[in-house]
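Everything on this sheet refers to the single structure shown next.
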Amino acid sequence: MVKETVIKTVNLNCRYGALQVLKDLNLEIHRNEIFGIIGPANSGKTTFLRALNRLNFLNASYSQDGEIFFADKNLKNICDNILRKRIGIIFALPQVLPVSIYNNIAYGPKVHGIAKKDAIEQIVEESLKKASLWDEVKDRLDSPAMKLSGGQQQRLCIARTLAVEPDVILYDEHCSGLDPISTAKIEDAMQQLKETYTQILVTNNTKQAARVSERCAFFLMGELIELDETAALFTEPKDKRTDDYITGRFG
Amino acid sequence: MTTARMREKIAFFVLGLITLLVVIPILMIIFYIVKNSIGSISWEFITQSPRNGMKEGGIFPAIVGTIVLIIGTMLFSLPLGVLSAVYLVEYARDNFFTRLIKLSVVNLSGIPSIVYGLFGFTLFVLFLKLGTSILAGSLTLAIMSLPVIITATKEALESVPLSFREISLSLGATKWQTVRYCVLPYAIPGILTGTVLSLSRAAGETAPILFTVAAFYLPRLPRSLFDQVMALPYHLYVISTQVPNIPVSISFATCFVLIGLVFLMNLVSIILRSHYRKKKLW
Ligand SMILES: Nc1ncnc2c1ncn2[C@@H]1O[C@H](COP(=O)(O)OP(=O)(O)O)[C@@H](O)[C@H]1O
Ligand SMILES: [Mg+2]
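From first to last, the protein sequence lines are chains E and G. Per my numbering, the first sequence starts with residue 38, numbered consecutively. Per my numbering, the second sequence starts with residue 93, numbered consecutively.
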């Protein structure tokens, strides 16, 4: 079966000032897959995710060359706000706005021009259901989002991203601060989202990548060392450095 | 008790004493003014025009004039100041040019008020032919207030966590939507503080209004933006130094009203601020 490519990078190089953070990166991400990225700290995983929705450019010292394509269109030719609506991101720490649960989710649809109250209410409910949070918060949508637990806040962030109807969701070590039960709930939600969305999961937890992803890439010092089906990568890695990393010999 | 704790106690005591030194002059000024004005303050004093060569009657036109000037000043300086700060913090790239602007803003606040007065006189009264008018006076006071409003707004914007902007942008909001909905609302308390601070100063200044709007004696109320008005600080100056034989208690009572007005503005800002602070959760 030929898989449809959603995101493709060609000779992507990313720099902060003089520091090269990603080197000659070439990879393709397929529609509806969960694509895992593992690697030690500072290997450029976050930079890669934030290159895909151009958030890196908020930093004045950032520069990049090479090409990124999203659905066959060069990223340079897509408006930032349209691109970011279609490629959502979940940050490492749960980032909620200091407003109610409801308003956190309603914010996205509102800035994209949806004004009708019942339309927004419906989006809020559906998004919370998809993020497996609805049952826990349906009676207190007006209470401050910051009062939720860390795991709930992170699912709220997922719901907020879903509310703008993206095609791709980027996760940046989004379970790193959570306990195993919260993590399991979030992984369940990700499995259910598979049918509709393409998901890219950066994780510092190799077991999570092995559990959740279908294909997996190993980044080291800004280079893509190995990319394979997750099962193959974890059972018979071709590169010694991958082997060392997944067996816990460094990083 | 250990010596370390003793030392700490002594340090706290000394620091408290020094802090008290700051409070004492303010209390003394207020006490002195209240004591000397108490005989002249009356309903008539705040609601009537001066009579009989300002020796009798009240200061109503000056109160109205000062309030009109405060409002006029705010109408010009608040939008201009806030938008400039938004530009500097949210939009401008960090380069030589913007650093120059920021430096100018800081230095503008150090310019003596009489210089603003003369500047306003030349630019607004003479060159733009606005005449000695509420418009010219408000514009002059507005320019004087700008640096403080800009600096306070800048600081307020910078203290809003970067993550709020990232959340908003990452959901596909435009830059302006982000500023409008995810940054400005959280900066309001800081903006308020700066605005009230600079308006309080504007309310009490004499030099900037001297040649641009203030009237020596004008018992009727203004009818248009091109009228002159009496104003409290200038009136105070006039009755204290320019007109002989005015009872001292009238000067003190005028002082009292001016301070009361500034105090009221600060009170409003404190109330608004605490209202917004209750919503601050991060
Ligand atoms: N905002 C930034 N400014 C300068 N250097 C940065 C910035 N963000 C990341 N870097 C550098 O880029 C490299 C890769 O960082 P990052 O992409 O965050 O790696 P990872 O997510 O794999 O830990 C690191 O060496 C880091 O120091
Ligand atoms: Mg990272």
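Every residue gets a Cβ at the ideal spot worked out from N, C-alpha and C, and that includes glycine.
With a cutoff of 7 Å, T83 (chain E) counts as near ligand 1, since its C-beta is closer than that to a heavy atom of the ligand. Judged by DSSP in its simplified three-state form, E232 (chain E) adopts coil rather than helix or strand. CA-to-CA, the gap between E273 (chain E) and E251 (chain E) works out to about 15 Å. Not flagged as an interface residue toward chain E: A244 (chain G), since no C-beta distance is shorter than 8 Å. In this structure, A78 (chain E) has its beta carbon less than 7 Å from a heavy atom of ligand 1.
Under the Cβ distance rule, I259 (chain G) counts among the residues neighbouring chain E, one pair being separated by less than 8 Å. Contact annotation, Y234 (chain E) with P77 (chain E): C-beta distance approximately 27 Å; criterion of less than 8 Å not satisfied.
Y183 (chain G) counts as exposed, since fewer than 16 other beta carbons sit within 10 angstroms of its beta carbon.
Between the alpha carbons of I125 (chain G) and A345 (chain G) lies a gap of roughly 8 Å. Counting only runs of at least 3 residues, the segment 119-144 of chain E fully encloses the following beta strand (DSSP E) elements, listed from N- to C-terminal order: 124-127. Excluding the 5 residues flanking it on each side, V198 (chain G) has same chain C-beta neighbours closer than 8 Å at P239 and T243, in chain order. Residue contact check for L364 (chain G) against chain E: no CB pair falls below 8 Å. Under a 10 Å Cβ-count criterion, I110 (chain G) is classified as exposed, with fewer than 16 other Cβ atoms of the shown protein chains found around its own Cβ. V271 (chain G) sits away from V174 (chain G), with the two beta carbons spaced by 8 Å or more.
Using a Cβ-Cβ distance cut-off of 8 Å, the segment 159-170 of chain E and the segment 72-91 of chain E are not in contact, since fewer than three pairs of beta carbons, one from each stretch, lie closer than that value. Take the alpha-carbon of A103 (chain G) and the one of A96 (chain G): they are about 10 Å apart. Around the beta-carbon of A269 (chain E), fewer than 16 other beta-carbon atoms lie within 10 Å, marking it exposed. For I126 (chain E), the chain G residues whose C-beta falls within less than 7 Å of its own C-beta are S262, listed in chain order. Not one beta carbon of chain E lies nearer than 8 Å to the beta carbon of T190 (chain G). In the DSSP assignment, H367 (chain G) falls within the alpha helix (DSSP H) that extends over V340 to R369. Taken atom to atom, the span from the alpha-carbon of I162 (chain G) to that of D209 (chain E) is near 51 Å. Within the segment 224-255 of chain G, contact with chain E at the beta-carbon level (separation under 8 Å) is assigned to S255. The beta carbon of C274 (chain G) sits closer than 8 Å to some beta carbon of chain E.
Listed along chain G are G264, each with a C-beta nearer than 9 Å to that of I119 (chain E). Among the residues of the segment 69-103 of chain E, those with a Cβ less than 8 Å away from any Cβ of chain G are N90, L92, L95 and A97, in the order of the chain. Listed along the chain, the chain E residues whose CB falls inside 9 Å of the CB of R369 (chain G) amount to none; the nearest CB is some 12 Å away. The beta-carbon separation of V133 (chain E) and L193 (chain E), rounded to 6 Å, stays under the 8 Å limit for a contact. Not one heavy atom of ligand 2 lies closer than 7 Å to the C-beta of E260 (chain E). The Cβ atoms of A196 (chain E) and K167 (chain E) lie closer than 8 Å to each other. G:S237 is the residue among G:S132, G:V305 and G:S237 whose C-alpha sits nearest the C-alpha of S292 (chain G).
If you check the CB distance, R87 (chain E) and L120 (chain E) do not come in under 8 Å.
The three-state secondary structure of A78 (chain E), taken from DSSP, is coil.
With fewer than three CB-CB distances shorter than 8 Å, the segment 283-297 of chain G does not count as touching the segment 211-222 of chain G. The count of Cβ pairs closer than 8 Å, one atom from the segment 137-157 of chain G and one from the segment 308-316 of chain G, reaches three, so the stretches are in contact.
Taking a Cβ-Cβ threshold of 7 Å, none of the residues of chain G is close to K222 (chain E); the smallest such distance is about 22 Å. Cα atoms of V275 (chain G) and A299 (chain G): separation of roughly 36 Å, rounded to the nearest angstrom.
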